[in-house]
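Numbered according to numbering that gives the first Met the number 0, the sequence shown spans residues 0 to 586.
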Amino acid sequence: MSLPQVNVERRSDGSVLLSNAEVLEPYPRVMTERLASGASECPDRVFLGERASGEWRSITYAEGFAALRSIAQALLDRGLSGERPVAILSGGSIAHALLALGATHVGIPYCPVSPAYSLLARDGSKLDHVLGLLKPGLVYVEDHEAFSAALQASAFSDFEVVANTGLATGVTAFDELTNTAATPRVDERHQAISPDDPRSILFTSGTTGAPKGVITTHRMTCANQQMFVQTFPEFVRTPPELLSWLPWHHTSGANSILGSVVYNHGTLWIDDGKPVEGPAMQETLRNLREIAPTAYFSAPSGFRLLGRALRNDAELRRRFYSRLSFFFYSGSAMPAPLAREMDEISIGETGRAVPFYSCYGSTESAPFATAVNWQGATGGMVGLPMPGVELKLSPVDGMTEARIKGPTVTPGYWRNPDATSKAFDEEGYYRFGDALAPAGDDPSLGLLFDGRIGENFKLATGTWVNVAGLRDRLLTAAKGALADVVLAGEGRDEIGALLFPDMSRSGDQTRLHAEIEAALNEISTQATGSSTFIARALLMDTPPDPAAGEMTDKGAVSQRGVLRARKAFVDRLFDDPPPRDIIFARR
Numbered sequence: 000m001s002l003p004q005v006n007v008e009r010r011s012d013g014s015v016l017l018s019n020a021e022v023l024e025p026y027p028r029v030m031t032e033r034l035a036s037g038a039s040e041c042p043d044r045v046f047l048g049e050r051a052s053g054e055w056r057s058i059t060y061a062e063g064f065a066a067l068r069s070i071a072q073a074l075l076d077r078g079l080s081g082e083r084p085v086a087i088l089s090g091g092s093i094a095h096a097l098l099a100l101g102a103t104h105v106g107i108p109y110c111p112v113s114p115a116y117s118l119l120a121r122d123g124s125k126l127d128h129v130l131g132l133l134k135p136g137l138v139y140v141e142d143h144e145a146f147s148a149a150l151q152a153s154a155f156s157d158f159e160v161v162a163n164t165g166l167a168t169g170v171t172a173f174d175e176l177t178n179t180a181a182t183p184r185v186d187e188r189h190q191a192i193s194p195d196d197p198r199s200i201l202f203t204s205g206t207t208g209a210p211k212g213v214i215t216t217h218r219m220t221c222a223n224q225q226m227f228v229q230t231f232p233e234f235v236r237t238p239p240e241l242l243s244w245l246p247w248h249h250t251s252g253a254n255s256i257l258g259s260v261v262y263n264h265g266t267l268w269i270d271d272g273k274p275v276e277g278p279a280m281q282e283t284l285r286n287l288r289e290i291a292p293t294a295y296f297s298a299p300s301g302f303r304l305l306g307r308a309l310r311n312d313a314e315l316r317r318r319f320y321s322r323l324s325f326f327f328y329s330g331s332a333m334p335a336p337l338a339r340e341m342d343e344i345s346i347g348e349t350g351r352a353v354p355f356y357s358c359y360g361s362t363e364s365a366p367f368a369t370a371v372n373w374q375g376a377t378g379g380m381v382g383l384p385m386p387g388v389e390l391k392l393s394p395v396d397g398m399t400e401a402r403i404k405g406p407t408v409t410p411g412y413w414r415n416p417d418a419t420s421k422a423f424d425e426e427g428y429y430r431f432g433d434a435l436a437p438a439g440d441d442p443s444l445g446l447l448f449d450g451r452i453g454e455n456f457k458l459a460t461g462t463w464v465n466v467a468g469l470r471d472r473l474l475t476a477a478k479g480a481l482a483d484v485v486l487a488g489e490g491r492d493e494i495g496a497l498l499f500p501d502m503s504r505s506g507d508q509t510r511l512h513a514e515i516e517a518a519l520n521e522i523s524t525q526a527t528g529s530s531t532f533i534a535r536a537l538l539m540d541t542p543p544d545p546a547a548g549e550m551t552d553k554g555a556v557s558q559r560g561v562l563r564a565r566k567a568f569v570d571r572l573f574d575d576p577p578p579r580d581i582i583f584a585r586r
């Protein structure tokens with residue numbers, strides 16, 4: 000595909016407006032209209048599949064829509080509404096999807112909550128914050144036994160608990176919902192839904208404060224899927240068949256993956272693995288040996304582990320590439336060495352480089368706003384506005400902040416008017432908090448991610464450090480030796496870095512040190528000042544730990560999480576005199 004045509008308007012205040020020249024085509028009022036049409040047009044096609052006792056269990060479109068209507072009736076019978084929504088505490092599953100879609104069908108908001116708030120948190124503060132804000136009338140957990148401790152410890156209990164397994168006294172079986180007979184009331188409530196009614200509430204990660212509940216409307220999710228179809232037409236040349244690990248309490252899993260399958264009458268196999276070293280990644284590989292996806296969505300960290308496995312397993316390569324049309328990444332920039340490695344594997348197996356595509360956005364944009372849908376885009380490219388999006392680049396502190404309007408933008412945060420008012424500028428554009436910059440003099444040639452405005456920091460000189468840009472430069476210069484980089488140095492005289500090496504490479508530490516020193520020197524020789532090069536670095540001997548908050552649920556390294564969990568290493572990095580294991584750039 001070629002670059003999309005965009006309209007560009009330059010304003011006297013230095014801001015730039017960009018919009019896609021292609022008109023956004025009509026889309027459904029409610030997402031479940033597409034599930035209903037699937038039940039009619041392809042009733043026996045597999046809609047959802049999951050592992051059950053080691054084997055795949057699946058339901059068809061006809062079965063899924065019938066279950067959805069039963070669940071919708073059961074929720075109406077319980078008097079659930081926008082004042083008493085549904086909360087889902089466990090991860091992706093067939094039951095989770097049916098409950099969410101049943102609520103959607105009759106206009107009852109639902110909220111998928113991070114399972115970590117119940118299963119991994121040191122205390123119940125985040126779970127209580129979410130439940131207190133939501134005031135749900137029904138809480139679903141896949142396995143009550145696993146979640147019982149968190150539920151018992153919670154300060155809130157004014158809701159019905161529904162579970163699929165591990166039932167106990169006072170807990171409703173999920174089958175009770177699916178066995179409810181639907182009445183005409185289901186259709187009446189469905190017809191009464193406005194596209195701008197809340198469909199779901201997705202909570203932000205809460206890294207820098209209490210999690211905020213992002214309102215996602217029916218219009219947002221439907222319009223976003225239509226944008227995606229128009230931007231990536233090859234995605235729907237055949238009904239998509241996906242295997243995905245992406246978490247459903249994030250917009251990428253809930254709105255993008257599950258939404259794209261429903262919207263396009265596809266099939267979603269729920270991957271109970273995850274792209275982290277060890278058994279979780281082995282489970283993903285096991286699933287990929289059985290399911291051949293038509294497109295594959297992951298984070299760069301996931302593609303790194305996948306590439307290693309593909310190189311060493313001919314049967315996995317044959318199966319994986321048999322129907323694959325493209326790769327899709329999000330969460331962080333794709334390092335150029337990793338993209339080249341995946342190209343080499345693709346060419347060796349299929350004779351062509353399977354293209355890498357990407358989109359940029361946030362929970363507040365449901366999730367996509369811009370897209371890279373052409374081959375050959377440089378690392379860090381976030382693309383151009385998708386149909387229906389109006390993007391404003393507004394000058395802020397020497398950068399240009401991305402702000403948007405359009406049918407996919409949230410009306411605000413659940414029961415949080417103060418946060419809502421701060422999220423929009425004086426013209427009503429949602430503020431991403433990210434800086435985007437033109438790839439060249441002409442913004443219509445593509446935009447680059449230029450850093451998280453709130454993630455960047457100042458040196459003692461008062462000069463801002465562009466964290467994302469400098470991190471990506473080091474990853475590129477290291478030529479695959481590093482898996483990730485975390486920058487430190489706020490309020491100091493120079494920038495330091497904690498380095499996570501690619502564990503799949505040989506353990507020759509002397510060679511690794513030499514490669515890193517060469518990469519640091521390459522950046523240093525091109526630097527224009529202390530804020531544009533990394534003066535010192537320290538190698539980590541353990542990968543980022545998800546349990547310590549060093550990884551996001553989407554598989555990306557959390558800069559703040561690493562700096563917080565490894566404060567002792569940050570202090571060591573800047574010790575004076577410096578320890579012997581610090582690697583310095585030559586100046």
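Glycine included, C-beta positions come from ideal geometry on N, C-alpha and C.
Beta-carbon contacts of residue i that lie in its chain and below 6 Å, excluding the five residues immediately before and after
i: Thr-349; result: Tyr-320
i: Glu-175; result: none
i: Pro-210; result: Phe-202 and Thr-203
i: Thr-179; result: Ser-69, Gln-72 and Ala-73
i: Ala-61; result: Ala-38 and Pro-42
i: Arg-316; result: Leu-309 and Glu-348
Assigned secondary structure, residue i (DSSP; H/G/I helix, E/B strand, else coil)
i: Phe-326; result: strand
i: Ser-52; result: coil
i: Leu-118; result: helix
i: Glu-141; result: strand
i: Phe-532; result: coil
i: Ile-581; result: coil
i: Pro-500; result: strand
i: Gly-382; result: strand
i: Leu-100; result: helix
i: Tyr-320; result: helix
i: Tyr-262; result: helix
i: Thr-171; result: strand
i: Phe-568; result: helix
i: Leu-444; result: helix
i: Ser-193; result: coil
First through last residue of the alpha helix (DSSP H) which encompasses residue i
i: Phe-64; result: 60 to 76
i: Asp-342; result: 335 to 349
i: Leu-201; result: Premise fails: Leu-201 lies in the beta strand (DSSP E), 197 to 202, not in any alpha helix (DSSP H).
i: Val-85; result: Element bounds for Val-85: not the alpha helix (DSSP H) but the beta strand (DSSP E), 85 to 87.
i: Ala-222; result: 217 to 230
i: Ser-39; result: 31 to 40
Opposing strand residues paired with residue i [DSSP bridges]
i: Ser-357; result: Tyr-328 and Val-371
i: Trp-268; result: Gly-48 and Leu-242
i: Ser-18; result: Asn-6 and Glu-389
i: Met-589; result: For the chain, the structure presents residues 0 to 586; residue 589 sits outside this window and is missing.
i: Glu-400; result: Ser-393 and Ala-434
i: Trp-463; result: Lys-457
i: Glu-492; result: Here residue 492 turns out to be Asp, not Glu, going by the sequence shown. Looking at the DSSP assignment, Asp-492 forms no beta bridge with any residue, so it has no partner.
i: Gly-212; result: Phe-202
i: Arg-451; result: Asp-433
i: Leu-538; result: Leu-498
i: Phe-423; result: Tyr-429
Short Cβ contact (8 Å threshold) for residue i with residue j
i: His-264; j: Gly-37; result: yes
i: Gly-495; j: Phe-573; result: yes
i: Gln-224; j: Ser-259; result: yes
i: Trp-244; j: Pro-274; result: yes
i: Ala-332; j: Gly-387; result: no
i: Leu-337; j: Phe-302; result: yes
i: Met-341; j: Leu-304; result: no
i: Leu-75; j: Arg-188; result: yes
i: Ile-452; j: Asp-424; result: no
i: Leu-446; j: Ala-436; result: yes
Sequence-distant residues of the same chain with beta carbon closer than 8 Å to residue i, five excluded per side
i: Ile-200; result: Pro-84, Pro-108, Tyr-109, Cys-110, Leu-133, Gly-212, Val-213, Ile-214, Thr-215 and Trp-413
i: Ala-66; result: Ile-58, Leu-97, Gly-101 and Thr-177
i: Arg-288; result: Glu-314, Leu-315 and Arg-318
Start-to-end residues for the beta strand (DSSP E) that takes in residue i
i: Val-160; result: 159 to 164
i: Met-280; result: Looking at the DSSP string, Met-280 is not in any beta strand (DSSP E); the run it does join, the alpha helix (DSSP H), is 278 to 287.
i: Pro-111; result: 109 to 111
i: Leu-481; result: 481 to 487
i: Phe-296; result: 294 to 297
Contact set for residue i: own chain, Cβ-Cβ below 7 Å, skip 5 residues either direction
i: Phe-231; result: Tyr-356 and Asn-372
i: Met-588; result: Because the chain is modelled from 0 through 586, residue 588 falls outside the range shown and cannot be assessed.
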